[in-house]
Amino acid sequence: MRRLLLPWALAAIVFVALPYIVPDYYVGLVTKMLIFALFAMSLDLMIGYVGLASLGHAAFFGLGGYTVGLLGLKAHVSEWIALPAGVLVATLGGVLFAFLALRARGSYFLMITLALAQVVWGIAFGWRTLTGGDDGLPGIKRPTFFISLADQTAFYYFVVLLVGLSAIALTMIVRSPFGLALLGIRESETRMRALGFNVWRHQFVAFVFAAAFAGLAGALFVYQNKFVNPAFLHVVMSAEALIMVILGGVGTLLGPAIGAGLIIFLEDFISSQTQRWLLILGIIYVVTTLFAPRGLIGLYRDFVARRSKP
Amino acid sequence: MIWIIHTLNGVSLGMLLFLLAAGLSLIYGLMKILNLTHGSYYLVGAYIGSTVIEKTGSFALALIVAPLAVALLGVAMERFFLRRFHLDELPQTLLTFGFLFIIADLCLWIWGGDAILLPKPALFSTSIAIGGNFYPTYRLLLIVVGFAVAGVLWWFQEHTRIGAMLRAGVDDAETARALGIDVSLLFTVVFAVGAFLAALGGVLGGPIIGASPGADFDVMLLAFVVVIVGGLGSLRGALVGGLLVGLLDNFGKIFFPEFALFTIFVPMAIILSFRPTGLFGRA
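The listed protein sequences derive, respectively, from chains A and B. Sequential numbering of the first sequence, starting at 7, is according to this note's numbering. Sequential numbering of the second sequence, starting at -12, is according to this note's numbering.
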């Protein structure tokens, strides 16, 4: 147990000390990495633990984001209400999507989640009077929770706290009897049904949980950027979450978080060097699929297994 | 009489969607691959078509060159990449997504970021009077070509040897292989045909929808709705779904301009809740 705790304690120290070590810009970048780590982990709950690959996960990210943005800008609602409302709206979106999409499996599920997410995108893009259309909503303020989070470092600690708590919650979910039942469903739906499990209800709950955490990530990302636009809930965003999960390692929670950090870092670094980020991202998809189908965690485990063999 | 015009607009859009959805649907039916690059075939087809027209001035030549070039692209993707992950949907989805990004960025690099409209062929750039309104003959041409392609595909599938092999493959690829059918060749042929049809849609749709960054996504999405509604793996589903979505999109934009996508997706949700595998799809 002590061997397991040590890396986590070290990680905690690094995260706390970070603003004292690196310049402000990188504090912002790490904040973004953490937010996307949460987004990717929420998708992993579906892909890795129930075996439902969604191509519409950005819808919940965007629903959370637009909710906090609209409530703050247009209704002047306190952030104490706006942030929970963002998570709630994303959760309700998850309920609706789950009802429609869980009828299907495999490729149909991929397509239906993709199409449903595009509806939400279509509303954000088309309803100019409410959402500002393509221009989005600029001028969203950073919230104040006891202390103002306008400062980069204060907001960073806020995100560390929320993403950390969410990661613990997600870990508890997947290790609970409910989470183990999800794994069983991923392996064989029919067998779990024969054992008396309500497969649909388990998938439904997992879907809704995933939507809620994605909504929280979206709300945090909007607070960080101080604006929201339809790109937040576009298919490209869903696809990026997907590659974060696969690149890190499906069904490990930690892997997708690492994958998210890596993709966000590469995006930042490559975009500063060249205009061709999209091309590089596409190549990352192809290379990952061909050479690291079980992700970085999978590669690491292979490496350890090979070394421990005599 | 304005309704005739709107209906014709919807039907001509539906025919373009059919060209896209037919390939998407056949590829899925045979190989269970959800090809997210299908919209890119449309876009590349339109762009290559525009270059051919610019250089030679011939729309007819563009109709041949662009689809053939894109068919080669499709074959390369199938042979060298997708084949390795037969029946494994997540890696296939990721690969096609990767190609979607790669192709989108290469197109942006080569053809720039401005939206372009292809010029109509001289023969069909006029209008004729229909019920007191002038209607472009080009859209009528689209409708005729769409039905003609549907007819050829149907004849091909029902009355040729390779069509029979295809039907056998869609029904049960493993048994078909055991009976000595070269399923591997069939995969490549279907991918080539699918990419060919999508690029044909790109050139034909070029004077109406045009080509621009992002059009690949928009077109792919509409094609997906068509096959969801019509049912994957069914030509008839692609045709009926295409017409339905074309009409819904067209009338939706007239009645609810702010919620245009809604008029497509709400009927889709209703159809799905009664028939999860689409109108003509099989479980």
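We put the beta carbon where it would ideally sit given N, CA and C, even for glycine.
Using a beta-carbon distance cut-off of less than 8 Å, what residues from the segment 49 to 73 of chain B approach chain A?
Taking 8 Å as the Cβ-Cβ cut-off against chain A, the residues of the segment 49 to 73 of chain B that qualify are F68, R71, F72.
Output the residue ranges of the alpha helix (DSSP H) runs that lie fully inside the segment 208 to 270 of chain A and measure 4 residues or longer, sorted by chain position.
With a minimum length of 4 residues, the continuous alpha helix (DSSP H) runs that stay inside the segment 208 to 270 of chain A are 241 to 254.
Which residues mark the beginning and the end of the alpha helix (DSSP H) in which Y122 (chain B) is found?
Segment 120 to 123 is the beta strand (DSSP E) holding Y122 (chain B); no alpha helix (DSSP H) there.
Rounded to whole angstroms, how far is the Cβ of F161 (chain A) from the Cβ of T37 (chain A), which I believe are closer than 8 Å?
About 6 Å separates the two Cβ atoms, so the contact holds.
Just how far apart, CA to CA, sit G255 (chain A) and F203 (chain A)?
Rounded to the nearest angstrom, the two C-alpha atoms are 27 Å apart.
Distance check for A81 (chain A) and A63 (chain B), CA to CA, integer angstroms please.
Distance between the alpha carbons of A63 (chain B) and A81 (chain A) is about 53 Å.
Suppose the cutoff is 7 Å on Cβ atoms and the five residues either side in sequence are ignored; what does the same chain contact list for V232 (chain B) look like?
Closer than 7 Å at the Cβ level, and outside the excluded window around V232 (chain B), lie G1, L4, L209, V212, V213, V216, I251.
Considering only their Cβ atoms, is the gap separating Y125 (chain B) from F134 (chain B) smaller than 7 Å?
No, they are not a contact pair.
Give me the DSSP bridge partner(s) of I115 (chain B).
B:Y122.
Quick one: any contact between the segment 291 to 303 of chain A and the segment 247 to 261 of chain A, if contact means 3 or more CB pairs under 8 Å?
In short, these stretches touch, since the Cβ pair count reaches three.
Which of the residues in the segment 15 to 31 of chain B, read from start to end, lie with their CB under 7 Å from any CB of chain A?
So the list reads Y15, K19, L21, given in the order they occur along the chain.
F267 (chain B) lies in the alpha helix (DSSP H); which residues open and close that run?
Counting along the chain, F267 (chain B) falls outside any alpha helix (DSSP H), and DSSP gives it neither H nor E.
Under 7 Å, Cβ to Cβ, is there at least one residue of chain B near V125 (chain A)?
Cβ-Cβ to chain B under 7 Å: yes for V125 (chain A).
Below 8 Å on C-beta distance, what does V101 (chain A) contact in chain B?
Per Cβ cutoff of 8 Å: no residues; V101 (chain A) is ~14 Å from chain B at best.
Alpha carbon to alpha carbon, how far is K42 (chain B) from I51 (chain B)?
For K42 (chain B) and I51 (chain B), the distance between alpha carbons rounds to 15 Å.
Give every residue of the same chain whose Cβ lies closer than 7 Å to the Cβ of P149 (chain A), excluding the five residues on either side of it in the sequence, and list them in chain order.
Within the same chain, P149 (chain A) has close Cβ partners E85, L89, L155, Y229.
Please state whether the Cβ-Cβ distance between V157 (chain B) and L17 (chain B) is less than 7 Å.
Cβ distance < 7 Å, so V157 (chain B) and L17 (chain B) count as in contact.
Kindly identify the DSSP beta-bridge partner or partners of T150 (chain A).
Partner(s): A:S154.
According to the Cβ coordinates, are V39 (chain B) and L30 (chain B) closer than 7 Å?
No, these two residues do not count as a Cβ contact at 7 Å.
Do you know offhand how far I149 (chain B)'s Cα is from R207 (chain A)'s?
Cα-Cα distance, rounded: 44 Å.
If I follow the unbroken alpha helix (DSSP H) through L82 (chain B), where does it start and stop?
Unbroken alpha helix (DSSP H) run through L82 (chain B): 76 to 98.
Going by C-alpha distance, which of B:D101, B:T80, B:A151 is nearest S244 (chain A)?
That would be B:T80, whose Cα lies nearest to the Cα of S244 (chain A).
Grab me the residues of A58 (chain B)'s own chain with a C-beta within less than 6 Å of its C-beta, minus the 5 sequence neighbours each way, in chain order.
Excluding positions up to five away in sequence, the list reads A179, A182, F183.
Between I153 (chain A) and the rest of its own chain, which residues show a CB-CB distance below 7 Å, the 5 nearest in sequence each way excluded?
If we look at I153 (chain A) and ignore the five residues flanking it on each side, its Cβ neighbours are A160.
Short of 7 Å in beta carbon distance, which residues of its chain neighbour M255 (chain B), apart from the five on each side in sequence? Order them along the chain.
Contacts found: V212, I215, V216.
If we cut at 7 Å on Cβ distances, does L188 (chain A) have a partner in chain B?
For L188 (chain A), the answer is no, since every Cβ of chain B falls outside 7 Å of its Cβ.
Is it right to say Q317 (chain A) is buried, meaning 16 or more other beta carbons lie within 10 angstroms of its own, or is it exposed?
In this structure chain A extends from 7 to 316, so residue 317 (chain A) is not present and cannot be described.
Which whole runs of the beta strand (DSSP E) in the segment 158 to 197 of chain A are 3 residues long or more, in chain order?
With a minimum length of 3 residues, no continuous beta strand (DSSP E) run stays inside the segment 158 to 197 of chain A.
Pick helix, strand or coil for A198 (chain B), following the three-state DSSP scheme.
Here A198 (chain B) sits in strand by DSSP.
Inspect the CB distances between the segment 16 to 36 of chain A and the segment 159 to 179 of chain A and report whether three or more fall short of 8 Å.
The answer is yes - the segment 159 to 179 of chain A touches the segment 16 to 36 of chain A, with three or more Cβ pairs under 8 Å.
What do you reckon, is the C-beta of W141 (chain B) under 6 Å from a heavy atom of the ligand HEM?
Ligands in the displayed structure: none, and consequently the ligand HEM is not present.
By the 9 Å beta-carbon criterion, what residues does the segment 270 to 297 of chain A contribute toward chain B?
So the close ones are Q281, R282, W283, L284, L285, I286, L287, G288, I289, I290, Y291, V292, V293, T294, T295, L296.
Hey, is L82 (chain B)'s beta-carbon within less than 7 Å of any beta-carbon in chain A?
With 7 Å as the cut-off, L82 (chain B) counts as an interface residue toward chain A.
Measuring alpha carbon to alpha carbon, tell me which of B:A186, B:P54, B:K240 ends up nearest G26 (chain B).
Looking at the Cα atoms, B:A186 is the closest of the given residues.
Can you give me the Cβ contacts of L66 (chain B) inside the same chain, cut-off strictly under 8 Å, excluding the 5 residues immediately before and after it?
According to the sequence as given, residue 66 (chain B) is Arg; it is not Leu. Here the set comprises T175.
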